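Chemist: I have a structure here, written as structure tokens, and I will follow up with some questions on it.
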Amino acid sequence: DQQVKQNSPSLSVQEGRISILNCDYTNSMFDYFLWYKKYPAEGPTFLISISSIKDKNEDGRFTVFLNKSAKHLSLHIVPSQPGDSAVYFCAASWVNFNKFYFGSGTKLNVKP
Amino acid sequence: DVKVTQSSRYLVKRTGEKVFLECVQDMDHENMFWYRQDPGLGLRLIYFSYDVKMKEKGDIPEGYSVSREKKERFSLILESASTNQTSMYLCASSSDTEAFFGQGTRLTVV
Chain A
1 DQQVKQNSPS
11 LSVQEGRISI
21 LNCDYTNSMF
31 DYFLWYKKYP
41 AEGPTFLISI
51 SSIKDKNEDG
61 RFTVFLNKSA
71 KHLSLHIVPS
81 QPGDSAVYFC
91 AASWVNFNKF
101 YFGSGTKLNV
111 KP
Chain B
1 DVKVTQSSRY
11 LVKRTGEKVF
21 LECVQDMDHE
31 NMFWYRQDPG
41 LGLRLIYFSY
51 DVKMKEKGDI
61 PEGYSVSREK
71 KERFSLILES
81 ASTNQTSMYL
91 CASSSDTEAF
101 FGQGTRLTVV
């Protein structure tokens with residue numbers, strides 16, 4: 001059973017608007033969460049992370065929100081750009097346990 | 001710049017062949033992983049290794065084995081390739097807080 005779930009396989013957004021990608025997890029032991037971006041025929045690259053002691057982390061156009069009570073996190077991209085079109089994976093881990101669990105990915109398409 | 005290198009970008013193998021996928025990292029990480037990526041299923045962990053000669057099964061180890069003889073190198077072995085092992089294979093190594101991925105190997109078993 002998947003411990004990290006991304007229920008939206010795809011998302012289409014107009015350039016300049018906000019993209020919101022969602023992720024849910026089931027294991028309350030997770031204390032560290034990451035977002036990765038993947039282009040076709042390339043490996044995933046790290047985008048942004050958040051520790052469970054925070055509820056928000058921001059890096060430029062990317063913000064990750066964590067709602068521990070709901071076991072839910074989201075990635076906001078503002079403003080969205082065509083170059084953001086990629087598959088986004090949510091991941092969760094225990095710090096110091098060094099094992100990462102990934103969701104099934106959301107394919108984002110940003111239309112010019 | 002950190003680097004995880006997979007030996008092949010594309011491979012085509014025949015059913016029943018023994019296949020080796022090689023991965024090397026230059027970050028002195030203790031932890032290394034093999035994932036496969038399939039549409040709609042995301043990244044599924046096949047095996048991981050937390051030290052030289054140490055390994056643990058991930059979520060889908062059947063049909064695979066691994067070897068870690070040196071810290072920087074982690075090999076995935078398909079003992080007898082089958083068509084349902086056609087996939088994108090991704091190697092990663094990790095610090096405590098981030099996994100770094102190789103560029104992936106697209107394996108096709110015919």
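Which chain is which? The protein sequence lines are A and B, in order.
Under this note's numbering, the residues of the first sequence are numbered 1 to 112, in order.
Under this note's numbering, the residues of the second sequence are numbered 1 to 110, in order.
For each residue, glycine too, the CB sits at the ideal point set by N, CA and C.
Note that the structure is a prediction, hence the values are computed from the model and not measured.
1. Answer yes if the stretch 8-26 of chain B comes into contact with the stretch 38-48 of chain B, meaning at least three C-beta pairs across the two stretches below 8 Å, and no otherwise.
2. Nearest chain A C-beta to B:Ala81 closer than 7 Å, yes or no?
3. Name, going along the chain, the residues of the stretch 85-106 of chain A whose beta-carbon falls closer than 7 Å to a beta-carbon of chain B.
4. What residues in the stretch 79-104 of chain B have a beta carbon less than 9 Å from any beta carbon of chain A?
5. Between which two residues does the beta strand (DSSP E) holding B:Ser94 run?
6. Is there at least one Cβ from chain A nearer than 7 Å to B:Leu41's Cβ?
7. Could you check whether the Cβ of A:Phe46 sits closer than 7 Å to any Cβ belonging to chain B?
8. Find the residues of chain B that neighbour A:Ser49, judging by a C-beta separation of less than 9 Å, and give them in chain order.
9. From the DSSP secondary-structure annotation, give me the bridge partner or partners of A:Trp35.
10. Interface residues of chain A around B:Phe48 at Cβ under 7 Å?
11. Quick check: the Cα distance between A:Gln2 and A:Lys56, rounded to an integer number of angstroms?
12. Let me know if A:Asn27 comes out buried or exposed under the rule of 16 or more other beta-carbons within 10 Å of its beta-carbon.
Modeler: Walking through what the data contain:
1. no
2. Stepping through the second sequence from its first residue, residue 81 of chain B is reached at position 81. So, not an interface residue.
3. Phe89, Val95, Asn96, Asn98, Lys99, Phe100, Phe102, Gly103, Ser104 and Gly105
4. Met88, Leu90, Cys91, Ala92, Ser94, Ser95, Asp96, Thr97, Glu98, Ala99, Phe100, Phe101, Gly102, Gln103 and Gly104
5. If you number the second sequence from 1, residue 94 of chain B lands on position 94. For B:Ser94, the enclosing beta strand (DSSP E) stretches over residues Ser87 to Ser94.
6. The residue labelled residue 41 of chain B in the question sits at position 41 within the second sequence. So yes, B:Leu41 belongs to the interface.
7. The sequence position of residue 46 of chain A within the first sequence is 46, counting from 1. It does: the Cβ of A:Phe46 has a partner Cβ on chain B nearer than 7 Å.
8. The count along the first sequence starts at 1 and reaches residue 49 of chain A at position 49. In chain order: Thr97 and Glu98.
9. If you number the first sequence from 1, residue 35 of chain A lands on position 35. DSSP lists A:Ile48 and A:Cys90 as partners of A:Trp35.
10. In the second sequence, the residue the question calls residue 48 of chain B occupies position 48. Going along chain A in sequence order, the residues near B:Phe48 (Cβ under 7 Å) are Lys99.
11. Indexing the first sequence from 1 puts residue 2 of chain A at position 2. Indexing the first sequence from 1 puts residue 56 of chain A at position 56. Taking the straight line joining both Cα atoms gives about 24 Å.
12. For the purposes of this step, residue 27 of chain A is identified with residue 27 of the first sequence, where counting begins at 1. Per the 10 Å Cβ criterion, exposed.
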